[in-house]
Amino acid sequence: MDFQPTQEHLMLSDMIGKFIENDYNLKDRISAGNSELGYSENTYKTLAELGIVGALFPEGVGGFGGTGYDISTVFEALGKGLVNEPLVDSALASGYILAATGQDALIEKLISGELRVALALIENGADYDWELPSQMAQKINGIWTISGKKTMVKYALGTDAIIVSSTTSSSEGISLFLIETGADGLNLHSFLTVDGGSASDIEFNNTPAILLGGEGQSYDLLASAIARNTLAVCAEALGIMDSIKNMTINYLRTRQQFGTVIGKFQALQHRTAQMLLEIEQAKSAVTNAANALEASTDERNRSIAAAKYSIGRIGCFVAEEAIQMHGGIGMTWEYELGHFAKRLVMIDHEWGDQDHHLMQFTTF
Amino acid sequence: MNLNFTVADQAFRKEVKNFLNENLSQDIATKMKADFELSKVEIESWHAVLHQQGWLTYSWPKEYGGTGWNSVQQFIFEEESAMAGAPRILPFGLKMLAPVLMEFGSKEQKDYWLPRMCDGHDWWCQGYSEPGSGSDLASLKTSAVRDGKDYIINGQKTWTTLGQHANMIFCLVRTNATGKPQAGISFILVDLATPGIEMRPIQTFDGGKEVNEVFFTDVRVPASNLVGEENMGWTYAKYLLAHERNGIANVGISNQKLTRLKRLALSQKRGSKPLAEDPLFAARLARLEIELRNLETTNLRVLDGFAHGAGPGPESSMLKIIGSELEQDFDDLTRRALGRHAQAHTPEVFEKGYNGPQVAPKNMANQSTAYFNKRKVSIYGGSNEIQKNIITKMILEL
């Protein structure tokens, strides 16, 4: 047993930390997050040039990582700086799907940062359940088209292609399709997200599509891809909590009331202690999930569900406690905490919330 | 013991309901139920409607133009108003300053200021907190120095809610820097048009612009604007806090949120079933409903206690803590109920004439923003930690 990160992971983490320290201004991030696109394309390209996209994929497809620990290392480090460029939503799961379905030319461009591919999996009324897409795909004269609606497609603006899940007339299993963003019959209603970012509701109208993988055969592939994204946002949350923890500790050590620093008050000391030990539990949950990404499907699913449940519960707790302990200053746009807290709480709404994963855990 | 509302109470409830039905604009109610910020005009228009009806001062004693409603009737009015989505009566003038003036103000002050806060002449805001004095309010430093017939004020106030709409501010200021901090504080009324005052907005992290900071540089205020005696301001502020027991628990607002959430739980789906049938969600909802039923009775018990001569003890603090946390819990669970769509930020749906696509149901389009914004309710008005200090100080007597 060895809980120490490898030299490679330390270097990766350090490199991202230095990038954040030297080149990632949180003020710019916040204004990019509230721009139409919801992120900065320049920053995304810089991240790709630093090899951060490559770290998410194995050597066989042109990357240099791709394991659970690679993914958790990258996203924990990014979370500490509240980096919101769409590596999860436009690269991680979509790249995994492209690689697994032999789209070699595309995965190469994706790793270099030239290509981004969004995921359109969610439907109105289905919410966190991606397992049961409706039948949107149709094959006429050997050509596939997609018609119907998907909702909450994150960062669809600025991507080159979209992967859509669907059943087909001959199979109730999941099929995956690739659509070019510039294709005919694509109608995007785009909007901002509360945590700084963009998303779209998309209407497809006989939009030409390419089938990825076998018809009706992509359930396992999609489950593995989503497990990666789920792990990534859990690790991101961990990084965010680490930063929130530091801000809170720093505030308790410097803010004076009643003639002393407020960290001297036992009521706040105990709450801080509770926060710290919950964060340690969250870290263990993410470690378990990262470790299980290459394990059996059952073990992977159990660990991912446990991590996402833990992150959802602890993330909301940490966000709320940190704001409360800061008082009024924690409520301001100017102070960084609120922006970290918004992202942390919203992570509970991505890839299944804590209740969803708690129920999932009971079924394994 | 009889927990039923009397026939008279029920008739009163009906009267309030009818009034709200006939007079409340649906535009405003929709925004209120979605926790969307109202404009100055919208708030003023509702004040005017209530003033016309004679209900704007419902909480005032009859001799000052109040309705003479008993505490249960006041409770019913607040509950029905909140359920209907009526704007909350702005507390700063009518509920915070007015009782202080009635108890401690001069006849001239009462005659001049009280009518003006009813007819819309004055919009009051509160100048209590300072950057260095939040929980420790008594440490406030903004000074008022007597100079002939005036006081000269220097310093800074912060977290001034809706100060951008106000023309008047009531402030706690330091008039004596020696001795116990509480003993050197005075309560003074300041016209915001006085030279030397600058108001700057503070944007909150949810994007809202409802709080401000106010800077005072050599601001000359007539000494006749001092309320009561010099250096007695702390007593007046405390008097207010202990008497603030109606409305503080926000039972009506939480009831409105419960109704809204139950409706949402029927229309939202989880795994092709209504969310209401999800056992984990149902348990969360049940817990909140039970807490709310308990709180409603706690609030009514407190009101009844006061009517029978009890208090003021720690009741206001108790109601504030439970009420604020429960309101936050409703916003939290409503956000959860929205699932994936909680992340969408689409305030444009509240723009007049908007008929574009909607991501979440319209009355939910602001939900996550509201959830983040409502983190303030356990911080402002004396944070819940301070309220707990007040309770234990009274109980432990150490």
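From first to last, the protein sequence lines stand for chains A and B. Numbering-wise (the numbering used here), the first sequence opens with residue 1 and increments by one. Numbering-wise (the numbering used here), the second sequence opens with residue 1 and increments by one. Glycine included, C-beta positions come from ideal geometry on N, C-alpha and C.
Within 10 angstroms of the Cβ of residue i, are there 16 or more other Cβ atoms? Answer buried if so, exposed if not.
i: H270/A; result: exposed
i: N366/B; result: buried
i: V145/B; result: exposed
i: R287/B; result: exposed
i: G33/A; result: buried
i: E123/A; result: buried
i: H349/A; result: buried
i: Y236/B; result: buried
i: D278/B; result: buried
i: I143/A; result: exposed
i: N2/B; result: exposed
i: T158/B; result: buried
i: A34/B; result: buried
i: E336/A; result: buried
i: H121/B; result: exposed
i: D70/A; result: buried
i: K376/B; result: buried
i: R253/A; result: exposed
i: S170/A; result: exposed
Which bits of chain A does residue i rub up against, with CB to CB less than 8 Å?
i: T369/B; result: V194
i: G339/B; result: D127, Y128, H349, D353
i: Q413/B; result: With chain B covering 1 to 398 only, the question about residue 413/B has no answer from this structure.
So which residues of chain A does residue i contact, with C-beta pairs closer than 9 Å?
i: I379/B; result: I323, Q324, H326, G327, G328, G330, M331
i: L247/B; result: Sequence check: residue 247/B is Gly here, not Leu. By Cβ distance, chain A contributes nothing, its closest Cβ being about 22 Å from G247/B, past 9 Å.
Which residues in chain B have a C-beta closer than 9 Å to the C-beta of residue i? List them in chain order.
i: K342/A; result: F205, D206, S368, F372
i: E236/A; result: Within chain B, no residue comes near E236/A; the closest Cβ sits about 14 Å away, beyond 9 Å.
i: M247/A; result: None at all; the shortest Cβ gap to chain B is about 13 Å.
Quick one, are the C-beta atoms of residue i and residue j less than 8 Å apart?
i: S218/A; j: S175/A; result: yes
i: L178/A; j: I163/A; result: yes
i: E385/B; j: A227/A; result: no
i: K342/A; j: D195/A; result: yes
i: G66/A; j: F75/A; result: no
i: Q182/B; j: A199/A; result: no
i: R116/A; j: S90/A; result: yes
i: T369/B; j: D206/B; result: yes
i: A99/A; j: V61/A; result: yes
i: D150/B; j: P195/B; result: no
i: A249/B; j: N299/B; result: yes
i: T160/B; j: N225/B; result: no
i: K80/A; j: S243/A; result: yes
i: S71/B; j: F330/B; result: no
i: L97/B; j: K110/B; result: no
i: F12/B; j: Q53/B; result: no
i: I169/B; j: C118/B; result: no
i: Q281/A; j: I314/A; result: yes
Quick one: which chain A residues come within Cβ less than 7 Å of residue i?
i: E403/B; result: In this structure chain B extends from 1 to 398, so residue 403/B is not present and cannot be described.
i: P357/B; result: H189, D201
i: K31/B; result: The contacting residues do not exist; K31/B stays about 18 Å from chain A at best.
i: H345/B; result: F191, L192, T193, V194
i: A400/B; result: One cannot answer for residue 400/B here, as it falls past the ends of chain B, which runs 1 to 398.
i: K376/B; result: M331
Along chain B, which residues have their Cβ under 7 Å away from the Cβ of residue i?
i: L358/A; result: L280
i: Q257/A; result: G134, S135, D136
i: G338/A; result: F205
Under 8 Å Cβ-Cβ, which residues of chain B neighbour residue i?
i: G113/A; result: Under the 8 Å cutoff, chain B gives no residues; its nearest Cβ is about 25 Å from G113/A.
i: M241/A; result: Going along chain B, no residue has its Cβ under 8 Å from M241/A, so there is no contact; the nearest lies around 17 Å.
Please list the residues of the stretch 168-183 of chain B that have a C-beta atom closer than 7 Å to any C-beta atom in chain A, keeping them in chain order. Only those residues of the stretch 168-183 of chain B whose C-beta falls short of 7 Å from the nearest C-beta of chain A would be listed, and there are none.
Please name the residues in the stretch 274-301 of chain A whose beta-carbon is closer than 8 Å to at least one beta-carbon of chain B, in chain order. Residues: none.
Uninterrupted alpha helix (DSSP H) stretches inside the stretch 275-330 of chain A (no shorter than 4 residues): Here the runs fully enclosed are 297-326.
Chain-ordered residues of the stretch 139-159 of chain B with a beta carbon less than 9 Å from chain A: If the cut-off is 9 Å between Cβ atoms, the stretch 139-159 of chain B has S139, T158, W159 near chain A.
Within 7 Å of chain A by C-beta, residues of the stretch 210-223 of chain B in sequence order: Residues of the stretch 210-223 of chain B with a C-beta less than 7 Å from any C-beta of chain A: none at all.
Pull out every residue of the stretch 9-27 of chain B whose Cβ sits closer than 7 Å to any Cβ of chain A, in chain order. Listed by position, the residues of the stretch 9-27 of chain B near chain A (Cβ gap below 7 Å) amount to none.
Where in the stretch 56-134 of chain B do unbroken runs of the beta strand (DSSP E), each at least 3 residues long, occur, reported from the N-terminal end onward? Counting only runs of 3 or more, we get 124-127.
What residue ranges within the stretch 205-251 of chain B form continuous beta strand (DSSP E) runs of no fewer than 3 residues, ordered along the chain? Within the stretch 205-251 of chain B, complete beta strand (DSSP E) segments of at least 3 residues are found at 211-222, given in chain order.
Using a Cβ-Cβ cutoff of 8 Å, what residues of the stretch 256-274 of chain B are near chain A? List them in chain order. In summary, the residues of the stretch 256-274 of chain B whose CB is separated from some CB of chain A by less than 8 Å are Q268, K269, R270, G271, S272, in the order they occur in the chain.
Using a Cβ-Cβ cut-off of less than 9 Å, give me the residues of the stretch 133-158 of chain A that come near chain B, in sequence order. Under the 9 Å Cβ criterion, the stretch 133-158 of chain A contributes T151, M152, K154.
Which residues of the stretch 286-311 of chain B have a Cβ closer than 9 Å to any Cβ of chain A? Give them in chain order. Those residues of the stretch 286-311 of chain B that come within reach of chain A (Cβ to Cβ, closer than 9 Å) do not exist; the list is empty.
I'd like the ranges of any beta strand (DSSP E) spanning at least 3 consecutive residues and lying wholly in the stretch 79-155 of chain A. With a minimum length of 3 residues, the continuous beta strand (DSSP E) runs that stay inside the stretch 79-155 of chain A are 117-120, 137-140, 143-154.
Give the list of continuous alpha helix (DSSP H) stretches no shorter than 4 residues that lie fully inside the stretch 182-256 of chain A. Listed in chain order, the alpha helix (DSSP H) elements of length 4 or more contained wholly in the stretch 182-256 of chain A are 219-254.
What residues in the stretch 311-338 of chain B have a beta carbon less than 9 Å from any beta carbon of chain A? The residues in question are Q328, D332, R335, R336, L338.
Go through the stretch 173-208 of chain B residue by residue and report every complete run of the beta strand (DSSP E) that reaches 3 residues or more, in order. The qualifying runs are 185-191, 197-202.
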